[in-house]
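Chemist:
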Amino acid sequence: MPSFEKEIAVSFQAVNPSITNDATNIIFDDPATDPYDHTDSEEQLNINQTPVNTRVGVANYDVGHLYGTGGGGVASSPSVCAAHAKAQGYSARAGFYGDPFTVDYVAHEIGHQFGGSHTYNNRDNGGACTTPRPAMRLRLQAARP
Numbered sequence: 023m024p025s026f027e028k029e030i031a032v033s034f035q036a037v038n039p040s041i042t043n044d045a046t047n048i049i050f051d052d053p054a055t056d057p058y059d060h061t062d063s064e065e066q067l068n069i070n071q072t073p074v075n076t077r078v079g080v081a082n083y084d085v086g087h088l089y090g091t092g093g094g095g096v097a098s099s100p101s102v103c104a105a106h107a108k109a110q111g112y113s114a115r116a117g118f119y120g121d122p123f124t125v126d127y128v129a130h131e132i133g134h135q136f137g138g139s140h141t142y143n144n145r146d147n148g149g150a151c152t153t154p155r156p157a158m159r160l161r162l163q164a165a166r167p
């Protein structure tokens with residue numbers, strides 16, 4: 023994601039566990055063994071942590087993110103490098119493709135995983151003491167359209 027390279031000097035490398043070995047595969051294409059139900063965004067955070075830690079290995083990744091087909095996103099903040107929470111990011115949209123999904127959902131939620139707050143005040147997240155100033159260049163955390 024070029025935005026993270028520009029904004030916080032971080033680059034990503036995809037983990038490539040074997041897709042032919044059920045013990046390490048993190049892609050679930052059989053509904054009978056799929057641990058996710060995508061009905062509760064926050065519950066997906068807890069569900070995702072176990073299979074990623076078990077199948078990829080805690081020492082083999084720094085941040086994990088789950089994609090879903092529901093709507094919206096949520097992330098533990100901060101969670102990067104924390105063994106108990108580093109796979110707790112979730113982005114979902116019925117058609118997840120292109121810049122609107124990548125920037126408005128995925129990059130925004132990964133920004134939370136890195137500890138970023140919203141760059142605006144709202145009831146749930148933000149306030150005079152926690153909301154960064156726009157000069158801090160945390161644009162990924164701005165309000166979504």
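For the sequence shown, position 13 matches number 35 in the working numbering, and the numbering has no gaps at all.
Ideal placement from N, C-alpha and C gives every residue a C-beta, glycine not left out.
Hey, out of 120, 69 and 110, whose CA is closest to residue 84's CA?
Modeler: Nearest option by C-alpha distance: 110.
Chemist: Quick one: what does DSSP say residue 139 is sitting in, helix, strand or coil?
Modeler: Of the three classes helix, strand and coil, the one that applies to residue 139 here is coil, per DSSP.
Chemist: How about residue 101 and residue 108: do their beta carbons lie closer than 7 Å?
Modeler: Result yes, Cβ atoms of residue 101 and residue 108 sit closer than 7 Å.
Chemist: By a C-beta neighbour count over all protein chains shown, 10 Å radius and 16 as the cutoff for buried, is residue 82 buried or exposed?
Modeler: Burial call: exposed.
Chemist: For residue 66, which residues in the same chain have their Cβ closer than 7 Å to its Cβ, ignoring the five residues on either side in sequence?
Modeler: Excluding residues within five positions, the ones whose Cβ falls inside 7 Å are 58, 60, 88, 90 and 112.
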